[in-house]
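Quick note: to get my numbering, add 480 to the position in the sequence shown (first position is 1).
Below is one structure, written out as structure tokens; the observations come after it.
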Amino acid sequence: MGSITNKYIYIEKCNTALEQKVNDFEQASLNHNVEIVGIEQLPNENLKKLVNKIGELIEVSSDDVEWVKRSRPLKAGSKSANILVGFKTTGTASRDRWLAQRRNLKNTTSNMITGVSDKSYIFINEDLTKSARSILWNTKKQLGQVFKYIWVSNGRILIKKADGEKTTCVSFTRTNRTGGGVLVYTRDTWLARVSETPHTTGGPECVSIAFDRGTSFDEPIYLLSLYRPSRINKKNKVTQFLYELRNILESLLKNIKIVLCGDININLLDKSSHVTEYENLLAEFGLIKCIDKTTRQEILNGKIVRSCLDHIYIRAPSAVIQSAVIQPKIADHYYVSAAVHWERALPCTMQRRSMPAAGRKTRLTRVSPAHTVLPSSHYASILVE
Numbered sequence: 481m482g483s484i485t486n487k488y489i490y491i492e493k494c495n496t497a498l499e500q501k502v503n504d505f506e507q508a509s510l511n512h513n514v515e516i517v518g519i520e521q522l523p524n525e526n527l528k529k530l531v532n533k534i535g536e537l538i539e540v541s542s543d544d545v546e547w548v549k550r551s552r553p554l555k556a557g558s559k560s561a562n563i564l565v566g567f568k569t570t571g572t573a574s575r576d577r578w579l580a581q582r583r584n585l586k587n588t589t590s591n592m593i594t595g596v597s598d599k600s601y602i603f604i605n606e607d608l609t610k611s612a613r614s615i616l617w618n619t620k621k622q623l624g625q626v627f628k629y630i631w632v633s634n635g636r637i638l639i640k641k642a643d644g645e646k647t648t649c650v651s652f653t654r655t656n657r658t659g660g661g662v663l664v665y666t667r668d669t670w671l672a673r674v675s676e677t678p679h680t681t682g683g684p685e686c687v688s689i690a691f692d693r694g695t696s697f698d699e700p701i702y703l704l705s706l707y708r709p710s711r712i713n714k715k716n717k718v719t720q721f722l723y724e725l726r727n728i729l730e731s732l733l734k735n736i737k738i739v740l741c742g743d744i745n746i747n748l749l750d751k752s753s754h755v756t757e758y759e760n761l762l763a764e765f766g767l768i769k770c771i772d773k774t775t776r777q778e779i780l781n782g783k784i785v786r787s788c789l790d791h792i793y794i795r796a797p798s799a800v801i802q803s804a805v806i807q808p809k810i811a812d813h814y815y816v817s818a819a820v821h822w823e824r825a826l827p828c829t830m831q832r833r834s835m836p837a838a839g840r841k842t843r844l845t846r847v848s849p850a851h852t853v854l855p856s857s858h859y860a861s862i863l864v865e
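Following this line, the structure appears as structure tokens:
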């Protein structure tokens, strides 16, 4: 029964990753379209003529419009369906001009276009997938009272608290899924913003946060927070994860400071080839291992099984790092933490150690990391020291 459940979970994960990839392709296919909202739906209407009239109002050409249709047929007693406008594949610039000029529609109502009584305001939007619409709706519902601006640009949902503030891209690590996920809390004074990372399909979920303030350095510090489900530890899935992790790290500048952390579900206490490949990859990018103690302990078949599944790796050559595993636990994993002192010189030495795995002959390891196990009463002092 257990193997059947595992296979079901594995297939479900693969299907979800495929759905996300299909959604990305679907959104890309809509990049030649716009959506017109608010025009009253009438029998025997000439949509092309209506669209041409709107083009004249906002002072853009309609020559590149390839097709026009309603999103659904006319239904008695229902709200008018939106008008979808498709541009030629060679007319992307024309579509972008429509979006750029849509502000000229301010205070324009349906009756000004149709000559009938409906006075609904008219808007021009990007054409979005069902998933993107859901994210936009939830963003407006949950953040509408906090952020002054919420809008869409090339399928991405963007938010800004006020004039002069930085723009943030709203990122969701999963859609239509339960369990897992990544949640990051930061202090307001750190000016955290979501930073995009290459799309992953091998199971890991990643949220990248850039901190623009909070240290004496001018360049931002990047926090990569990952969750990798435990049900995808087959060799091909680990290989795919390492490939995608490399893509994420290569997308960041080589000299910036990085904190990589999360429930990776690769046991660092197990000296398998997967662990060696994983540690070699992180060492190649200058990331130092900060946790090597037990972060999960359970009883399997009457035996105590210990593993180190929750990792913290940091690239900060000029900093002092203090790390700890914190007990007790409130779930099946212990807390892991790291305090980074950015303005002190790094006291520990670095040594080069040969590795048995093929392809990577050396790795950098930290000789004297502060790998301690602490009770929860010391949690605050470790984080704020």
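Cβ coordinates follow ideal geometry from the N, Cα and C atoms, glycine included.
Taking only three categories from DSSP, how would you classify residue i?
| i | result |
| --- | --- |
| Ala796 | coil |
| Glu699 | coil |
| Thr842 | Any reading at Thr842 is ruled out, since the residue's pLDDT is 35, under 50, leaving its predicted position unreliable. |
| Arg613 | helix |
| Tyr629 | strand |
| Arg673 | strand |
| His512 | coil |
| Gln831 | Any reading at Gln831 must be qualified, since the residue scores a pLDDT of 38, below 50, and its modelled position is unreliable; the value itself is stated next. The answer is strand: DSSP assigns Gln831 an E or B state. |
| Glu685 | strand |
| Ile728 | helix |
| Ala580 | helix |
Using only the alpha-carbon positions, how far apart do residue i and residue j sit?
| i | j | result |
| --- | --- | --- |
| Glu645 | Phe627 | 10 angstroms |
| Lys549 | Phe567 | 12 angstroms |
| Ile689 | Gly571 | 35 angstroms |
| Ile736 | Ile792 | 17 angstroms |
| Lys533 | Thr594 | 10 angstroms |
| Phe603 | Val502 | 28 angstroms |
| Ala819 | Pro808 | 19 angstroms |
| Glu764 | Lys734 | 11 angstroms |
| Trp670 | Pro700 | 10 angstroms |
| Asp692 | Ser614 | 30 angstroms |
| Tyr665 | Thr648 | 15 angstroms |
| Gln545 | Leu554 | Residue 545 is actually Val in this sequence, not Gln. Taking the straight line from one Cα to the other gives about 23 angstroms. |
| Leu789 | Val632 | 38 angstroms |
| Val650 | Leu623 | 11 angstroms |
According to the Cβ coordinates, are residue i and residue j closer than 8 angstroms?
| i | j | result |
| --- | --- | --- |
| Ile728 | Cys686 | yes |
| Asn605 | Glu515 | yes |
| His821 | Val800 | yes |
| Ala561 | Arg552 | yes |
| Val755 | Ile746 | yes |
| Ser798 | Cys770 | no |
| Glu759 | Thr609 | no |
| Ile519 | Leu530 | yes |
| Thr589 | Lys599 | yes |
| Leu704 | Leu762 | no |
Excluding the 5 residues flanking residue i on each side, which residues of the same chain have their C-beta closer than 7 angstroms to its C-beta?
| i | result |
| --- | --- |
| Arg786 | Leu749, Thr774, Gln777 |
| Asn584 | Leu537, Ile538, Glu539 |
| Leu722 | Glu757, Tyr758, Leu761 |
Residues in the same chain with beta-carbon distance under 6 angstroms from residue i, minus the five sequence neighbours each way, listed in chain order, please.
| i | result |
| --- | --- |
| Ala642 | Lys628 |
| Val718 | His754 |
What are the partner residues of residue i, as DSSP defines its beta bridges?
| i | result |
| --- | --- |
| Gln777 | Arg786 |
| Phe567 | Val545 |
| Thr589 | Tyr601 |
| Leu740 | Leu704, Tyr793 |
| Ile768 | Ile794 |
| Glu606 | Val514 |
Looking only at its own chain, which residues have a Cβ that is under 8 angstroms from the Cβ of residue i, when we skip the five neighbours before and after it?
| i | result |
| --- | --- |
| Asn781 | none |
| Leu527 | Val548, Lys549, Arg550, Ile563 |
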